[in-house]
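Novice: Mapped onto this note's numbering, the consecutive letters of the sequence shown carry residue numbers 303 to 451. Glycine included, C-beta positions come from ideal geometry on N, C-alpha and C. Just passing along the structure, written as structure tokens.
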Amino acid sequence: MTTPLNPEEAGNVATEGTQLPSDQKQDILDQLLKPEVQESLTTLVEKLPQLTELVDLMTKSYDVAKAVATDEVLVKDTTEFMKEIVGPVKDSAKNMAATVIEAKDLAAKNSETIGLFGLMKMIKDPEAQRIFRFLSAYLEISGQRNHTK
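Put into structure tokens, the structure is as follows:
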């Protein structure tokens, strides 16, 4: 660690090559004479190689990002890839929403009471069986994950 500057040395450092008003020079001198400021400056000087390396890395990252963003072929390929990924999901979501709306409308029109035998008949339906198997597997996995936490 460097030794603290005395006021005369600090004045020489602050006035070399600068044209500041005297009250501003005094404010700078007062700040530089504080031990915590000198300690911070010393730490900063010691870390300059690491800071330089970090700035170089950030500059390289910026250059790569800029090159990627301005590469029309890459942007086009990325856009097409995203469309291929999002397209099926979007179609599935639309299909699910349409099915839910249609089922809601159909259920609103039907006012018949479903009894125990009606439920038993529905349980035998292959689509209901598929949903029950999925629900059973989901609950099993969910239970296992909750127990492992």
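(1) For I295, which of helix, strand or coil comes out of DSSP?
(2) By how many angstroms is the C-alpha of D393 removed from the C-alpha of A371?
(3) With DSSP collapsed to three states, give me the class of K396.
(4) Going by the beta-carbon positions, is the gap between L343 and L334 smaller than 9 Å?
(5) Does P452 come out as helix, strand or coil in the three-state DSSP assignment?
(6) D373 to S363, Cα distance in whole Å?
Specialist: Reading off the structure:
(1) What the structure shows of the chain is the stretch from 303 to 451, and residue 295 is not part of that stretch, so it cannot be assessed.
(2) 29 Å
(3) helix
(4) yes
(5) Residue 452 is absent from the structure shown; the chain starts at 303 and stops at 451.
(6) 15 Å
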